[in-house]
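Protein chains in written order, with the working numbering: chain A, 1 to 112; chain B, 113 to 252. Glycine residues also receive a C-beta, built at the ideal position from the N, C-alpha and C atoms. Structure first, commentary second.
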Amino acid sequence: MKIAVGGKGGSGKTTIAGTLARQLSRHGVHPLLAIDGDTNPNLALTLGVEGARDMDFDTIPKEIAERVTDESGKVLSILKTSPDEVLRDFGVSAPDDITLVLMGRVQHAGAG
Amino acid sequence: MEHYDVPTVLDMEAGLEHMSRGTVRHVDTLLTIIEPYFKSMETAARMTSLGQEMGVSSIYAVANKVRTKEDSDALQAFCEQRGLYLIASVPEDEAIKTADRIGVAPLDHEPTAAAVEAIDGLARMLHARHSEVARDRTDT
């Protein structure tokens, strides 16, 4: 089950995405991967990640950015090459057996 | 994402142009969040077409911030006219605004809030449909 949530800015998609992820997990869909694809990362808040309010998302590990540019900006090939490593090193724990990865900033860094 | 088979929820970058990046090719379900105003509805329709072009197997519209019967009627009429499958409707909810303001997840702030329960309904529906599809596949 791989769900993408889209909509205009301000439509409430992040609220729905985060809440939906938690509820899917509670109905048995876990472990679950939550991906924040927005360059303005807010999914941690709606997911209920501990300390999300004070979390600093500015620092992007250099290794991920290099991989992105190697693959010509194809962000998803990062997960393809070493998914466990990415989740272990860059995944953030969220409640209900959810791991959050921030991809929006990575894409942005890759393009620059 | 296509080789890593873990259930995933992806919060996409706002707007339409980012869909062309091809991220959406690897998902089986696309939810277009639609609000009861014209531009939002048009965006959802265009996002749905793009999703179909990219071969996403299940595309659903989810109404959000629905306040009145007029809102609800307008959304239903639009979806019917444009062939969008309106799978769930989430009401406008003060609890969500409060949760946002204080920086707490809506589910943790008020689990019985109307909007939170509506999203739970959506979760159950998606889970049920996905299990059905999986069952059909193993039968063939």
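- Put simply, the backbone Cα of Ala226/B is about 16 Å away from that of Thr46/A.
- DSSP, read as helix, strand or coil, puts Thr144/B in strand.
- Collapsing the DSSP output to three states places Ala246/B in a helix.
- Within chain B, the residues whose beta carbon sits less than 7 Å from that of Ser11/A are Ile145, Glu147, Ser152 and Asn176, listed in sequence order.
- Below the 8 Å Cβ cutoff, chain B contributes Gly215 as neighbours of Arg53/A, in chain order.
- In the DSSP assignment, Ala200/B is bridged to Val174/B.
- Among the CB atoms of chain B, none fall inside 7 Å of the CB of Arg88/A.
- Taken through DSSP and simplified to helix, strand or coil, Lys2/A comes out as strand.
- Pairing Ala173/B with Ala34/A, the inter-Cα distance amounts to about 20 Å.
- Counting only Cβ-Cβ distances below 8 Å, Leu32/A has contacts in chain B at Val118, Pro119, Thr120 and Val121, in chain order.
- Taking a beta-carbon distance threshold of 7 Å, Leu20/A counts as an interface residue toward chain B.
- Per DSSP, the unbroken beta strand (DSSP E) holding Asp36/A starts and ends at Leu32 to Asp36.
- Secondary structure of Thr120/B (DSSP, three-state): strand.
- Not a single CB atom of chain A sits nearer than 7 Å to the CB of Val245/B.
- The distance from the Cβ of Ala235/B to that of Leu102/A is about 23 Å, inconsistent with a contact at the 8 Å cut-off.
- Burial check for Thr141/B: the Cβ neighbour count within 10 Å reaches 16 or more, so the residue is buried.
- With fewer than 16 other CB atoms across the displayed protein chains lying within 10 angstroms of its CB, Ala240/B is exposed.
- Contact check for Gly37/A against Glu125/B passes: the beta carbons are separated by less than 7 Å.
- Our two residues, Pro119/B and Gly28/A, have alpha carbons roughly 11 Å apart in a direct line.
- The Cβ atoms of Leu196/B and Thr160/B sit closer than 7 Å to each other.
- Within chain A, the residues whose beta carbon sits less than 7 Å from that of Arg236/B are His27, listed in sequence order.
- For Thr19/A, the uninterrupted alpha helix (DSSP H) run begins and ends at Lys13 to Arg26, by DSSP.
- The beta carbon of Met166/B sits no closer than 7 Å to any beta carbon of chain A.
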